[in-house]
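A.B. asks: Below is the structure I would like to discuss, written out as C-alpha cells.
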Amino acid sequence: MDNKEPNKEPVSAVLARWIKDMPEHLSTVRAYGQGCIAVVVSYLRQSELLSRRQTKKKSGSLVRRFQALLISWGVVVYMIAVTGFWFVSSTAIQNTFEEQASDWMKKLDELSTPLYISQDSKEFVTIERYVSNFSEIAYIKFYNADGVSVLAEYTSDVAKADEVPEFNVDAFKNYSDTDLKDGLAITSDISTSQSFMRLIAPVSIVAMQADNMLDFDMDNPLDESVNVIGYIDMGLDFSAYQSHMVDSIVKGSFFIALLFLFAAIVGRHLTKNALKPLLDLREPLDRLAKGDTNVWVGKGGDEEIAAISNALNSTIRAIKGRDEELRRLADYDALTGLINKRSFNILMEQERKKTLLDKGSSALFFIDLDQFKYVNDTLGHASGDRLLIQIAELLKNRMREDDVVCRLGGDEFAVLARNVDKKGAVEVANSIVKSMYDFLFIEQGKTFNIYCSVGVALMDDDKLSAEDVFSNADMACYTAKSQGRNRFHFYEPKAVDKNKMDIGWSHRIAEALAHDKFVLHYQPIVSVDNLEVPNYEVLLRMIGDNGEIVPPMMFIPIAERFGLATEIDYWVIKNSMKTLQAMNQTGEKVRFYVNLSGQLMIDPDFVSRVLGFLNEYDVEASQIVFELTERAAVGNIHNASKKMDKLRSHGFEFAVDDFGSGFSSFSYLKNMPVDYVKIEGEFVERIIDDEVDRAMVKSMVDIAKACGKQVVAEYVCDQKTYDLLKTYGIDYAQGFFIAEPSAEPFATAPPSASPTGSQATVTHLKAH
Numbered sequence: 001m002d003n004k005e006p007n008k009e010p011v012s013a014v015l016a017r018w019i020k021d022m023p024e025h026l027s028t029v030r031a032y033g034q035g036c037i038a039v040v041v042s043y044l045r046q047s048e049l050l051s052r053r054q055t056k057k058k059s060g061s062l063v064r065r066f067q068a069l070l071i072s073w074g075v076v077v078y079m080i081a082v083t084g085f086w087f088v089s090s091t092a093i094q095n096t097f098e099e100q101a102s103d104w105m106k107k108l109d110e111l112s113t114p115l116y117i118s119q120d121s122k123e124f125v126t127i128e129r130y131v132s133n134f135s136e137i138a139y140i141k142f143y144n145a146d147g148v149s150v151l152a153e154y155t156s157d158v159a160k161a162d163e164v165p166e167f168n169v170d171a172f173k174n175y176s177d178t179d180l181k182d183g184l185a186i187t188s189d190i191s192t193s194q195s196f197m198r199l200i201a202p203v204s205i206v207a208m209q210a211d212n213m214l215d216f217d218m219d220n221p222l223d224e225s226v227n228v229i230g231y232i233d234m235g236l237d238f239s240a241y242q243s244h245m246v247d248s249i250v251k252g253s254f255f256i257a258l259l260f261l262f263a264a265i266v267g268r269h270l271t272k273n274a275l276k277p278l279l280d281l282r283e284p285l286d287r288l289a290k291g292d293t294n295v296w297v298g299k300g301g302d303e304e305i306a307a308i309s310n311a312l313n314s315t316i317r318a319i320k321g322r323d324e325e326l327r328r329l330a331d332y333d334a335l336t337g338l339i340n341k342r343s344f345n346i347l348m349e350q351e352r353k354k355t356l357l358d359k360g361s362s363a364l365f366f367i368d369l370d371q372f373k374y375v376n377d378t379l380g381h382a383s384g385d386r387l388l389i390q391i392a393e394l395l396k397n398r399m400r401e402d403d404v405v406c407r408l409g410g411d412e413f414a415v416l417a418r419n420v421d422k423k424g425a426v427e428v429a430n431s432i433v434k435s436m437y438d439f440l441f442i443e444q445g446k447t448f449n450i451y452c453s454v455g456v457a458l459m460d461d462d463k464l465s466a467e468d469v470f471s472n473a474d475m476a477c478y479t480a481k482s483q484g485r486n487r488f489h490f491y492e493p494k495a496v497d498k499n500k501m502d503i504g505w506s507h508r509i510a511e512a513l514a515h516d517k518f519v520l521h522y523q524p525i526v527s528v529d530n531l532e533v534p535n536y537e538v539l540l541r542m543i544g545d546n547g548e549i550v551p552p553m554m555f556i557p558i559a560e561r562f563g564l565a566t567e568i569d570y571w572v573i574k575n576s577m578k579t580l581q582a583m584n585q586t587g588e589k590v591r592f593y594v595n596l597s598g599q600l601m602i603d604p605d606f607v608s609r610v611l612g613f614l615n616e617y618d619v620e621a622s623q624i625v626f627e628l629t630e631r632a633a634v635g636n637i638h639n640a641s642k643k644m645d646k647l648r649s650h651g652f653e654f655a656v657d658d659f660g661s662g663f664s665s666f667s668y669l670k671n672m673p674v675d676y677v678k679i680e681g682e683f684v685e686r687i688i689d690d691e692v693d694r695a696m697v698k699s700m701v702d703i704a705k706a707c708g709k710q711v712v713a714e715y716v717c718d719q720k721t722y723d724l725l726k727t728y729g730i731d732y733a734q735g736f737f738i739a740e741p742s743a744e745p746f747a748t749a750p751p752s753a754s755p756t757g758s759q760a761t762v763t764h765l766k767a768h
C-alpha cells in the first residue's frame with residue numbers, strides 16, 4: 001500500500017461542511033429548544049413578566065425588566081455555547097473518522113492483496129470478519145483495475161449503499177494531490193444523509209525490475225514499479241455519533257431550561273428583595289407629590305439605594321425647610337418675628353365673627369412711634385432695626401397671652417386685645433403709652449426717649465367689617481399725633497368727617513399738582529447794612545376751586561400725611577428756577593430762599609432732580625438758598641448732611657429755619673453744612689417785652705456768628721425790633737415791617753419806617 005503523510009483538511013473546508021450539515025442536525029435541537037423556551041416563557045407570562053394584559057394596564061416593573069434582561073442574556077449565551085459545542089464536536093467527529101478511515105484503509109489494503117492476487121472470493125472471508133467488527137462501515141466494494149467489475153463487497157446498510165453513486169475510475173484518476181488525503185478520496189455527497197463519508201483508495205503492488213538485479217540499488221526508486229490492481233470503495237456512517245451528540249444537547253437543553261426556570265424564580269425573588277427599598281419609595285414620593293412633606297424615607301437596601309434614600313431625605317428636608325420659611329415669611333415679620341399685616345387681617349376677621357357670636361367686644365390698638373425716624377436717620381438703619389426689635393419685645397411682654405401683637409410695617413404696630421370693653425381698652429391704651437414713655441433706647445452711647453401715638457377702636461358693631469375697624473383705629477392714631485403725640489385717642493364717629501375732609505384735601509392736592517394749581521408768592525429779606533433787597537423767601541399758595549388763595553397751613557400738613565410733600569417741593573424748586581430764569585433775562589438777578597420738607601431729605605433722587613432743573617433753566621446755583629426746618633435738618637442729619645454737601649459743591653447754599661425751636665440743634669450747628677441761620681419768629685416777636693427772649697435771641701446770634709453762619713431774623717414787626725436786632729449783629733431781616741409777601745418779587749411797596757431810629761425812614765428799598 002502507499003503510505004504517505006496525511007494532508008490536513010483546511011479549516012475553511014471543515015467549516016463549510018459543518019455549515020452545510022448543520023441544518024439537518026440542528027432541526028431536532030431547534031424543535032426541542034423551542035419547547036424549552038416555551039416552558040420558560042410560559043412561566044414568565046404567569047409571573048407577569050411578559051403579560052400583555054398587564055403591560056397595557058400599567059408600565060413595566062423594574063423587577064420584570066431586570067429578569068427579562070438576565071434571561072435574554074442567558075438564552076443568548078446558551079445559544080452561543082450550543083453553537084460552539086456543535087461546531088467543535090462535529091469537527092472532532094469528522095477528523096476522528098477521517099483518521100480512523102485512513103487506518104481502516106491501510107488495513108484493508110493489506111488484507112485485500114491476497115484477494116486480488118488469487119481472485120478467489122474465499123479470501124474475502126478474512127476481510128469480512130475484520131470489517132464486521134466496525135458498525136460504522138456501511139459498505140465496502142473491491143473493484144478490479146478497470147474500476148467497473150466488483151471483485152467482492154460487504155454491505156451492512158443496503159439503503160445507504162444503494163444511494164452512493166457508481167464508482168468512476170476516470171474521475172478518481174483526475175483527482176489532484178490536494179484533493180486526496182493519504183491517497184484517499186473522501187466525499188460525502190449522498191442525498192439522504194449529511195453524516196455519511198465515502199472513501200476511495202487504489203490498491204497497488206510494488207515490484208522490482210526483473211533486469212539489472214546484480215546492480216540493484218535499494219535507494220533508487222527506479223528499481224521499483226507500482227501497479228494499481230484495484231480500488232477499494234468504503235462508506236462510513238457516523239450518524240450514530242451525531243445522534244448521540246444531539247441527544248446530549250437536547251438533554252442538556254432540558255436541564256438548562258430547568259436551571260433557567262429555577263434561576264428565573266430565584267432571580268425574581270432576589271431581585272424583588274434587592275429592589276424592595278425602591279418599591280418602598282413609592283408611597284413617600286406619592287405623598288410628597290401631593291404636597292405632604294411630613295414623610296421620611298427608610299435607609300434600608302444596598303449602598304446605591306441607601307444613597308438615593310439619603311438624597312431624597314435631604315431633598316425632603318430642604319423642601320420642608322423652604323416651605324416653613326415661605327410660610328413664616330408669608331405670615332410673620334422677618335425682622336421682629338411678629339405676625340404681619342396679612343395674617344393679622346385674617347385674625348381680625350376671625351375675632352370679629354367671634355365677638356358677634358359671643359355678643360362681646362374686643363379692641364384694636366394702632367400704634368405709631370413718634371421718634372423712630374429721628375433715630376433711624378441719626379444712627380442708621382441698623383440701629384433703627386434694633387429699636388423695632390426692642391419695641392416688639394416690649395409690646396409682647398406688656399400684652400396678655402391671648403392678645404395678638406402685629407407689625408404693620410415701618411414704625412407702625414397693631415395690637416388686638418381680646419374680650420375687653422371700652423373701659424378696659426382705655427386702661428390698655430394708657431399702659432401702652434406709659435410703657436413707651438418709660439422705655440429708653442440706648443445706642444452708640446446715646447439715650448433716646450421713644451414715644452408713641454395710639455389709636456383705639458372697639459370691635460363691637462356688627463355693621464363694621466374688620467377693615468372698617470382697622471381704618472377707625474388708623475384715623476384715631478392720626479388724631480392722637482395731631483394733638484401732640486405721646487398720647488392715645490379713642491375713635492369717635494363724629495371725627496370721621498374731619499378725616500374724610502383730610503382725604504378730600506389729599507385729592508385736591510394731587511389734582512393741583514396735576515393741573516398746576518399752585519402759585520408762588522415772594523417776601524423780601526433785606527440786608528440790615530444797606531436795606532437792599534437781593535433776597536426773597538419763596539412762599540407757596542394753592543388756588544382754590546373758586547379761584548381763592550389757599551394758605552399753606554391748610555394743605556401742607558395733609559400733604560405730609562399722605563406722602564405728597566415731596567412732589568410739592570419739586571414743583572416749588574422747578575417754578576422758582578423758572579422765575580429766576582425770566583428775571584435773569586431782564587438783568588435783574590436776585591436770590592431765592594426755597595423751603596424744603598424733611599421728606600425730601602430721604603428721597604434718593606433729590607440731588608439729581610435739583611441738578612436737572614438747574615441745567616434745564618440755566619440759572620446759577622448761588623441764586624438758590626434751600627431752607628430746612630431745625631427739626632427736618634437735625635432729625636435727618638445723616639441723610640441731610642450728605643445731600644447738602646453734594647449740592648453745596650455745585651454752588652447752592654443752605655439755611656436752617658426756625659432755629660431755636662429745639663435746643664438739640666445747638667449741638668449740631670457747629671458741623672451742620674448750612675450757610676444761614678433763621679431765628680425762630682416767636683422769639684423775635686416778643687423780644688421787646690420779654691427779657692428771656694432777648695437773652696435767647698442774643699445767644700443764638702452769638703452762637704451762629706461763632707460758627708461762621710449769617711443770621712436772618714424773621715417776624716420783624718416794628719421799628720424797635722428791627723433796631724434792637726441790628727445791635728445784636730444780625731445780617732438780614734424779614735417780616736411784615738419790611739414787606740408783606742406778594743405775587744411779584746418787585747411789587748412790594750416800601751413801608752414808612754426809620755432804619756436807624758426816628759431820623760430816617762425805610763423809603764429806599766431797592767431791588768438790588
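Using UniProt numbering, the first residue of the sequence shown is number 1, and each one after it goes up by one.
Even glycine gets a Cβ: it sits at the ideal position worked out from N, Cα and C.
Between Leu-364 and Asp-462, is the Cβ-Cβ spacing less than 9 Å?
C.D. replies: Contact flag unset, no.
A.B. asks: How far does the beta strand (DSSP E) with Leu-335 in it reach, from first residue to last?
C.D. replies: Unbroken run through Leu-335: none, as it is neither H nor E.
A.B. asks: Count Cβ pairs between the segment 263 to 271 and the segment 83 to 90 that sit closer than 8 Å; are there 3 or more?
C.D. replies: Too few Cβ pairs lie closer than 8 Å, so no.
A.B. asks: Among Asp-438, Val-415 and Trp-73, whose alpha-carbon lies nearest the alpha-carbon of Phe-470?
C.D. replies: Of the candidates Asp-438, Val-415 and Trp-73, the one whose C-alpha sits nearest the C-alpha of Phe-470 is Val-415.
A.B. asks: Exposed or buried, Phe-262, counting other C-beta atoms within 10 Å across all chains shown (16 or more means buried)?
C.D. replies: The residue in question, Phe-262, is exposed, as its Cβ has fewer than 16 Cβ neighbours within 10 Å.
A.B. asks: Please classify Ala-706: is it buried, with 16 or more other beta-carbons within 10 angstroms of its beta-carbon, or exposed?
C.D. replies: Answer is exposed; the Cβ neighbour count stays below 16.
A.B. asks: Return the CA-CA distance between Tyr-536 and Gln-523, expressed in angstroms with no decimal places.
C.D. replies: C-alpha separation (whole angstroms): 5 Å.
A.B. asks: Looking at Asp-421 and Asp-368, is the spacing between their C-beta atoms short of 9 Å?
C.D. replies: No, they are not a contact pair.
A.B. asks: Report buried or exposed for His-515, applying the criterion of at least 16 other Cβ atoms within 10 angstroms of its Cβ.
C.D. replies: Exposed is the call here.
A.B. asks: Let me know the secondary structure DSSP gives Pro-202 once reduced to three states.
C.D. replies: Of the three classes helix, strand and coil, the one that applies to Pro-202 here is strand, per DSSP.
A.B. asks: Do you know offhand how far Thr-447's Cα is from Leu-540's?
C.D. replies: Going from the Cα of Thr-447 to the Cα of Leu-540 covers about 38 Å.
A.B. asks: Name the residue from Lys-290, Pro-277 and Gly-291 whose alpha carbon lies nearest to the alpha carbon of Val-297.
C.D. replies: For the residues Lys-290, Pro-277 and Gly-291, the minimum Cα distance to Val-297 belongs to Pro-277.
A.B. asks: So, helix, strand or coil for Cys-452, using DSSP?
C.D. replies: Reduced to three states, the DSSP call for Cys-452 is strand.
A.B. asks: Select from Asn-639, Ser-156 and Val-148 the residue whose C-alpha is nearest the C-alpha of Glu-128.
C.D. replies: It is Ser-156.
A.B. asks: The beta strand (DSSP E) that contains Cys-477, what's its start and end?
C.D. replies: Segment 466 to 482 is the alpha helix (DSSP H) holding Cys-477; no beta strand (DSSP E) there.
A.B. asks: Ordered along the chain, which non-local residues of its own chain (more than five positions away) have a Cβ less than 6 Å from that of Ser-576?
C.D. replies: Taken in chain order, the residues that qualify are Val-538, Phe-592 and Val-594.
A.B. asks: Enumerate, from N- to C-terminal direction, the unbroken alpha helix (DSSP H) stretches of 4 or more residues contained entirely within the segment 610 to 686.
C.D. replies: Segments of the alpha helix (DSSP H) lying fully in the segment 610 to 686: 630 to 635, 637 to 648, 666 to 669 and 681 to 685.
A.B. asks: Between Arg-487, Val-526 and Pro-551, which has its C-alpha nearest Ile-509's C-alpha?
C.D. replies: Of the candidates Arg-487, Val-526 and Pro-551, the one whose C-alpha sits nearest the C-alpha of Ile-509 is Pro-551.
A.B. asks: Compute the distance between the beta-carbons of Tyr-491 and Ala-512, then report whether it is under 9 Å.
C.D. replies: Not closer than 9 Å, so no.
A.B. asks: For the putative contact between Asp-731 and Ser-527, defined by C-beta atoms under 8 Å, what is the C-beta separation to the nearest angstrom?
C.D. replies: With a Cβ gap of about 7 Å, Asp-731 and Ser-527 count as contacting.
A.B. asks: Once DSSP output is grouped into helix, strand and coil, what is the label at Ala-145?
C.D. replies: In the structure shown, Ala-145 sits in coil (DSSP, three-state: anything other than H, G, I, E or B).
A.B. asks: Taking the alpha carbon of Thr-315 as the reference point, which residue from Ser-383, Leu-151, Pro-284 and Val-712 has its own alpha carbon closest?
C.D. replies: For the residues Ser-383, Leu-151, Pro-284 and Val-712, the minimum Cα distance to Thr-315 belongs to Pro-284.
A.B. asks: Does DSSP classify Pro-524 as helix, strand or coil?
C.D. replies: It is a strand residue.
A.B. asks: Leaving out five residues before and five after Asn-345 in sequence, what residues of the same chain have Cβ atoms less than 7 Å from its Cβ?
C.D. replies: These residues qualify, in order along the chain: Ala-466.
A.B. asks: Assign Val-415 to one of three DSSP states: helix, strand, or coil.
C.D. replies: In the structure shown, Val-415 sits in a strand (DSSP, three-state: E or B).
A.B. asks: Ignoring anything shorter than 3 residues, give me the beta strand (DSSP E) runs that lie fully in the segment 532 to 559, in order along the chain.
C.D. replies: List check, beta strand (DSSP E) in window: 535 to 543.
A.B. asks: Please classify Leu-608: is it buried, with 16 or more other beta-carbons within 10 angstroms of its beta-carbon, or exposed?
C.D. replies: Per the sequence shown, the amino acid found at residue 608 is Ser instead of Leu. Classification for Ser-608: exposed.
A.B. asks: Tell whether a beta-carbon distance below 9 Å holds between Gly-445 and Asp-474.
C.D. replies: In this structure, Asp-474 does not lie closer than 9 Å to Gly-445 by Cβ.
A.B. asks: Is any heavy atom of the ligand ADP found at a distance shorter than 8 Å from the C-beta of Ser-431?
C.D. replies: For the structure depicted, the ligand ADP is absent and the ligand set is empty, with no information on it obtainable.
A.B. asks: Name the DSSP beta bridge partners of Asp-237, please?
C.D. replies: Phe-196, per the DSSP bridge assignment.
A.B. asks: The beta strand (DSSP E) that contains Asn-595, what's its start and end?
C.D. replies: 591 to 596 is the extent of the beta strand (DSSP E) around Asn-595.
A.B. asks: Let me check understanding here. Comparing Cα to Cα, which of Ile-450, Gln-483 and His-650 lies closest to Arg-386?
C.D. replies: Nearest of Ile-450, Gln-483 and His-650 to Arg-386, Cα basis: Ile-450.
A.B. asks: Would you tell me roughly how many angstroms separate the C-alpha atoms of Asp-657 and Gly-598, rounded to the nearest one?
C.D. replies: Approximately 12 Å between the Cα atoms of the pair.
A.B. asks: With a cut-off of 8 Å, do at least 3 Cβ pairs link the segment 399 to 407 to the segment 334 to 342?
C.D. replies: Enough Cβ pairs lie closer than 8 Å, so yes.
A.B. asks: According to the neighbour-count rule (16 or more other Cβ atoms, all chains shown, within 10 Å of its Cβ), is Gln-734 buried or exposed?
C.D. replies: It is buried - the Cβ of Gln-734 has at least 16 other Cβ atoms within 10 Å.
A.B. asks: Identify the residues that DSSP records as bridge partners of Gln-94: which are they?
C.D. replies: Note: Gln-94 sits in no beta bridge, so no partner.
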